[in-house]
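Here the structure comes first, spelled out in structure tokens, and everything after it is commentary.
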Amino acid sequence: MEKWQDPNVIALWIAISVVFVVTILLFVIKIMHSGYKRMMQANLRQARLQVEHQKKLVETGLLAQERERTRIAADLH
Numbered sequence: 001m002e003k004w005q006d007p008n009v010i011a012l013w014i015a016i017s018v019v020f021v022v023t024i025l026l027f028v029i030k031i032m033h034s035g036y037k038r039m040m041q042a043n044l045r046q047a048r049l050q051v052e053h054q055k056k057l058v059e060t061g062l063l064a065q066e067r068e069r070t071r072i073a074a075d076l077h
């Protein structure tokens, strides 16, 4: 019987192949996870910037209304 046909050699190559495939899968999962995490952080940052912008717009609108009310009140008195 040739050496490569020995059941121990076949089992060894199967084990090596399984370890290799699992290592590659773990590496791919790690890369995908880090990309997903980076994408979620960018989305969260963008959402925070939008909320901050909306707050500034509301504040500016309220200040303009208050100035207009003050001006109208001064005109009436």
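For the sequence shown, our numbering gives the first residue as 1, with consecutive numbering after it. The beta-carbon is built from N, C-alpha and C at its ideal position, and this holds for glycine as well.
When the five nearest sequence neighbours on each side are left out, the beta carbons in the same chain lying within less than 7 Å of the beta carbon of Val9 are those of Lys3, in order along the chain.
Rounded to the nearest angstrom, the gap between the Cα atoms of Ala15 and Val21 is 10 Å.
If you draw a straight line from the Cα of Ser17 to the Cα of Met32, it comes to about 23 Å. Its chain contains no residue whose beta carbon lies nearer than 7 Å to that of Ala11 once the 5 sequence neighbours on both sides are disregarded. A straight line joining the alpha-carbon of Ile29 with that of Arg38 spans about 14 Å. In the structure shown, His77 falls within a coil segment according to DSSP collapsed to helix, strand and coil.
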